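Worksheet: the structure to be examined is printed underneath.
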Amino acid sequence: MKNYDVVVIGSGPAGYVSAIRAAQLGLKTLCIEKWVNEDGKHVNGGTCLNVGCIPSKALLDSSHKYWETTNDLKIHGISIKDVDINVPKMHERKNKVVSQLTSGVAGLFKTNGVETAFGHGKLHSGKKVSITDENGETSEVTADNVILASGSKPIEIPVAKVDNELILDSTGALNIASVPGRLGIIGAGVIGLELGSVWSRLGSQVVLLEALDDFLAIMDKQIAKESKKIFVKQGLDIRLGARVIGTEVADDQVVVTYRNGEDIQKETFDKLIVCVGRRPHTENLLAPESGVEVDERGSVFVNEYCATNVPGVYAVGDLVRGPMLAHKGSEEGVMVAERIAGHKAQLNYDIVPNVIYTHPEVASVGKTEEQVKASGDPYNVGTFPFLASGRALAANDSDGLVKIIAHAETDRILGCHIVGPSAADLTQQVAIAMEFGSSAEDLGMTVFGHPTLSEAVHEAALSVNGAAIHMPNRKKQK
Ligand code: FAD
Ligand code: NAD
Numbered sequence: 037m038k039n040y041d042v043v044v045i046g047s048g049p050a051g052y053v054s055a056i057r058a059a060q061l062g063l064k065t066l067c068i069e070k071w072v073n074e075d076g077k078h079v080n081g082g083t084c085l086n087v088g089c090i091p092s093k094a095l096l097d098s099s100h101k102y103w104e105t106t107n108d109l110k111i112h113g114i115s116i117k118d119v120d121i122n123v124p125k126m127h128e129r130k131n132k133v134v135s136q137l138t139s140g141v142a143g144l145f146k147t148n149g150v151e152t153a154f155g156h157g158k159l160h161s162g163k164k165v166s167i168t169d170e171n172g173e174t175s176e177v178t179a180d181n182v183i184l185a186s187g188s189k190p191i192e193i194p195v196a197k198v199d200n201e202l203i204l205d206s207t208g209a210l211n212i213a214s215v216p217g218r219l220g221i222i223g224a225g226v227i228g229l230e231l232g233s234v235w236s237r238l239g240s241q242v243v244l245l246e247a248l249d250d251f252l253a254i255m256d257k258q259i260a261k262e263s264k265k266i267f268v269k270q271g272l273d274i275r276l277g278a279r280v281i282g283t284e285v286a287d288d289q290v291v292v293t294y295r296n297g298e299d300i301q302k303e304t305f306d307k308l309i310v311c312v313g314r315r316p317h318t319e320n321l322l323a324p325e326s327g328v329e330v331d332e333r334g335s336v337f338v339n340e341y342c343a344t345n346v347p348g349v350y351a352v353g354d355l356v357r358g359p360m361l362a363h364k365g366s367e368e369g370v371m372v373a374e375r376i377a378g379h380k381a382q383l384n385y386d387i388v389p390n391v392i393y394t395h396p397e398v399a400s401v402g403k404t405e406e407q408v409k410a411s412g413d414p415y416n417v418g419t420f421p422f423l424a425s426g427r428a429l430a431a432n433d434s435d436g437l438v439k440i441i442a443h444a445e446t447d448r449i450l451g452c453h454i455v456g457p458s459a460a461d462l463t464q465q466v467a468i469a470m471e472f473g474s475s476a477e478d479l480g481m482t483v484f485g486h487p488t489l490s491e492a493v494h495e496a497a498l499s500v501n502g503a504a505i506h507m508p509n510r511k512k513q514k
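Numbers given in the numbering used here equal positions in the sequence shown, counted from 1, plus 36.
Following this line, the structure appears as structure tokens:
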């Protein structure tokens, strides 16, 4: 039986990155993947490249261009006649981007010397891994180290059974063939807002039914409130406290019944997307004798270094605790590969950026104001609205604000939350500063180019200590 230094199960962003890093470090590495795409091809890249981050961003970019052309150009003095959207062409471009990136992973495996096997991987005792191909043929390998990276799946709810015709999961929602007149979405979370924005920009009436009373409950409250205001202004109909209790398919439409407090309401949609979260994907991954523990949420139980309870077996990405984000999984993959190779790698889980790629984007890193308040630490807050940014006004893109939270005694930055243009990239600047232990004053003393959107970050950092220049300071400078 062939033995490897490292066998990785799953080639999503957590798995393929860990496999490449392990091979770079001289470890004999095999990556097992079972994904077969719509064309019947074996592909790497997992959810992220095939049906997640990348195709959704391709649709967000296409639909944003359409929205700008139809809504934003006039103010710049540009008029265009006969604008239309060719949805099949939009999907064709998206599919091309996806296949470029998935074959890119295959290329990276080749150049780095990662071996691949297509089929279903399963861990047995003694770090033995079986691989079952699509014909049901099973082979076995052993490994000194196994990295489990089998990712996650959409959560299903019995009241809205996905048929991917009228009731869609996130994968079906990436392939809607024409713009629906009325689109219902269960769950006003990340996927609901991103994919809701795509179809709303193209002309759908979008209704989001969210069970919780709070919008974006885990985000900083001020930023969530501001974001909701912006999304509602854009035309998204966001209904909070809306608990779906039934769906009925009739005449090519879906009738959704939901409870809002004491009221029972009905809505009819041409399509319905169900996006109420994701769950770890552990089906047939672990033979009982493998001994790997799974926690009460179905995640593979790991320590801070992603080691499971079985020596030499690790788990990374959506399969384990923490936010289900591609970059979090990739960094875990790198950490594990480096630790297997004997390095002292670790991951700073306190500084993992989180972005919703609407327009404007909503992005955050570090603690929210509510979390800082709950910790009891004294803190200062600095904010700066994009309405006061020259660059944002010049671009006619001035919704939102930057918010920076710093410790009141040490001035160390504890969190940054932005809703606004390029929020993802601006938040990343603060993430880098936080990684280097920056204070708000350090960021305030940094020279920022003019006119840039980044200046809003500079001003928010200055405003933490009452020293903002381009708006009145709430706090007096010491
Ligand atoms: P996955 O990407 O799910 O990969 C797991 C792989 O393992 C799959 O290829 C699967 O086929 C394979 N596998 C599973 N079981 C086995 C087995 N037994 N044998 C062999 N192979 C197996 N995150 C972001 O950070 N930014 C975004 O913009 C973003 N957008 C998203 C948009 C959508 C619509 C969705 C659904 C998700 C999005 N995410 C985003 C989340 C992101 O896709 C996931 O966090 C990420 O893909 C998780 O990576 P992973 O490697 O852990 O798992
Ligand atoms: P989510 O957790 O972001 O949002 C799900 C929403 O559905 C929540 O607000 C929840 O309260 C609500 N909900 C749950 N059950 C409900 C019910 N029965 N009725 C009505 N509402 C209900 O999950 P998601 O949008 O499905 O996305 C899944 C995961 O994928 C995310 O958590 C994220 O980790 C990842 N993702 C990330 C990005 C990104 O980074 N830009 C994009 C898409 C997905």
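Glycine residues also receive a C-beta, built at the ideal position from the N, C-alpha and C atoms. These numbers were taken from a predicted model, which means no experiment stands behind them.
Query raised in the report: With respect to 8 Å, is the separation between the Cβ of arginine 314 and the closest non-hydrogen atom of the ligand NAD below this value?
Result: Yes, since a heavy atom of the ligand NAD falls inside the 8 Å radius drawn around the Cβ of arginine 314.
Report task. State yes or no: is the C-beta of leucine 210 nearer than 8 Å to some heavy atom of the ligand FAD? Result -> Yes - the ligand FAD has a heavy atom lying nearer than 8 Å to the Cβ of leucine 210.
Query raised in the report: Do the segment 80-97 and the segment 229-238 make contact, defined as three or more Cβ pairs closer than 8 Å?
Result: Contact between the segment 80-97 and the segment 229-238 is present, because at least three Cβ pairs lie under 8 Å.
Requested in this report: Have a look at Ala410, Gly369, Ala469, Asp306 and flag the residue whose alpha-carbon is nearest the alpha-carbon of glycine 220.
Outcome: When only C-alpha atoms are compared, the closest one is Asp306.
Query raised in the report: How about methionine 126: is its Cβ closer than 8 Å to a heavy atom in the ligand NAD?
Result: No, the Cβ of methionine 126 stays beyond 8 Å of every heavy atom of the ligand NAD.
Report task. Mind checking who glutamine 301 pairs with in its DSSP beta bridge? Result -> Glutamine 301 pairs with Tyr294.
**Report entry** Through-space distance from glutamate 374 to glycine 426, alpha-carbon basis
**Finding:** Each residue's alpha carbon lies about 45 Å from the other.
Query raised in the report: Between serine 233 and the ligand FAD, is the CB less than 8 Å from at least one heavy atom?
Result: Answer for serine 233: no, Cβ out of range of the ligand FAD.
Query raised in the report: How many angstroms separate the CA atom of serine 326 from the CA atom of asparagine 80?
Result: Computed Cα separation, rounded: 25 Å.
Query raised in the report: How about glutamate 230: is its Cβ closer than 8 Å to a heavy atom in the ligand FAD?
Result: True, at least one ligand heavy atom lies under 8 Å from that Cβ.
Query - Three-state secondary structure assigned by DSSP to valine 483 - result: Note: valine 483 maps to coil in three-state DSSP.
Report task. Indicate the three-state DSSP secondary structure (helix, strand or coil) for valine 268 in the structure shown. Result -> DSSP places valine 268 in helix when its eight states are reduced to three.
Query raised in the report: Just to check, is the beta-carbon of asparagine 80 closer than 8 Å to a non-hydrogen atom of the ligand FAD?
Result: True, at least one ligand heavy atom lies under 8 Å from that Cβ.
Report task. Over the uninterrupted alpha helix (DSSP H) stretch that includes lysine 130, give me the two end residues. Result -> Per DSSP, the continuous alpha helix (DSSP H) segment holding lysine 130 begins and ends at 123-148.
Query raised in the report: Can you round the beta-carbon distance between glycine 436 and phenylalanine 420 to whole angstroms, since I take them to be within the 8 Å contact cut?
Result: For a cut-off of 8 Å, the C-beta gap from glycine 436 to phenylalanine 420 is around 10 Å, too long to register as a contact.
Requested in this report: Provide the residue span of the alpha helix (DSSP H) that contains threonine 463, from first to last.
Outcome: Where threonine 463 is concerned, the enclosing alpha helix (DSSP H) stretches over 459-471.
Query raised in the report: Ends of the beta strand (DSSP E) at aspartate 180?
Result: In the DSSP assignment, aspartate 180 falls within the unbroken beta strand (DSSP E) covering 174-184.
Query raised in the report: Can you find at least 3 beta carbon pairs, one from the segment 410-419 and one from the segment 460-469, that sit closer than 8 Å?
Result: The segment 410-419 is not in contact with the segment 460-469.
**Report entry** Proximal residues to asparagine 345 (C-beta, below 6 Å), its chain only, five neighbours per side dropped
**Finding:** Correct list, in chain order: Glu329.
**Report entry** valine 268 versus alanine 431 - alpha carbon distance
**Finding:** Looking at the two C-alpha atoms, the distance is approximately 21 Å.
Query raised in the report: Is any heavy atom of the ligand NAD found at a distance shorter than 8 Å from the C-beta of glycine 223?
Result: Because some heavy atom of the ligand NAD lies under 8 Å away, the Cβ of glycine 223 counts as near it: yes.
Query raised in the report: So the alpha helix (DSSP H) glutamate 406 belongs to, where does it begin and stop?
Result: Per DSSP, glutamate 406 is one residue of the alpha helix (DSSP H) stretching across 405-411.
Query - Per DSSP, cross-strand counterpart(s) of proline 542 - result: Given that the chain is displayed from residue 37 to residue 514, the structure contains no residue 542 and the question cannot be resolved.
Requested in this report: Assuming valine 177 contacts valine 43 (C-beta within less than 8 Å), just tell me the rounded distance between them.
Outcome: About 6 Å; that satisfies the 8 Å criterion.
Requested in this report: Sort out for me which residues DSSP pairs valine 44 with in a bridge.
Outcome: In DSSP, valine 44 forms a bridge with Cys67, Ile183.
Query raised in the report: Cβ-heavy atom distance between lysine 364 and the ligand FAD below 8 Å?
Result: Taken from the Cβ of lysine 364, at least one heavy atom of the ligand FAD lies inside 8 Å.
Query - valine 72 to aspartate 41 span [Cα, whole Å] - result: The alpha-carbon separation between valine 72 and aspartate 41 amounts to approximately 26 Å.
Query raised in the report: For valine 391, which of His443, Ala467, Gly418 has the nearest alpha-carbon?
Result: Ranking the options by Cα distance to valine 391, first place goes to Ala467.
Query raised in the report: Would DSSP call cysteine 452 helix, strand or coil?
Result: In the structure shown, cysteine 452 sits in a strand (DSSP, three-state: E or B).
Query - Environment of serine 175 [buried if 16+ CB atoms lie within 10 Å] - result: Looking at its Cβ environment, which holds fewer than 16 other Cβ atoms inside 10 Å, serine 175 is exposed.
Query raised in the report: For the 8 Å Cβ check, are there 3 or more pairs between the segment 375-386 and the segment 204-220?
Result: Short answer: they don't touch.
Requested in this report: Look at the Cβ atom of histidine 443, then the Cβ atom of tryptophan 103, and state whether they are nearer than 9 Å.
Outcome: For histidine 443 and tryptophan 103, no; Cβs fall outside 9 Å.
Report task. With hydrogens ignored, establish whether the beta-carbon of serine 411 is closer than 8 Å to any heavy atom of the ligand FAD. Result -> No, the ligand FAD has no heavy atom inside 8 Å of this Cβ.
Query raised in the report: When we look at the beta-carbon of isoleucine 114 and count the other beta-carbons within 10 Å, is it buried (16 or more) or exposed?
Result: Answer is exposed; the Cβ neighbour count stays below 16.
Report task. Below 7 Å CB to CB, which residues in the same chain sit around arginine 237 once its five sequence neighbours on both sides are set aside? Result -> If we look at arginine 237 and ignore the five residues flanking it on each side, its Cβ neighbours are Ser99, His100, Tyr102, Trp103.
Query raised in the report: With C-beta atoms as the reference, is alanine 362 less than 9 Å away from alanine 142?
Result: In this structure, alanine 362 sits away from alanine 142, with a CB-CB distance that is not shorter than 9 Å.
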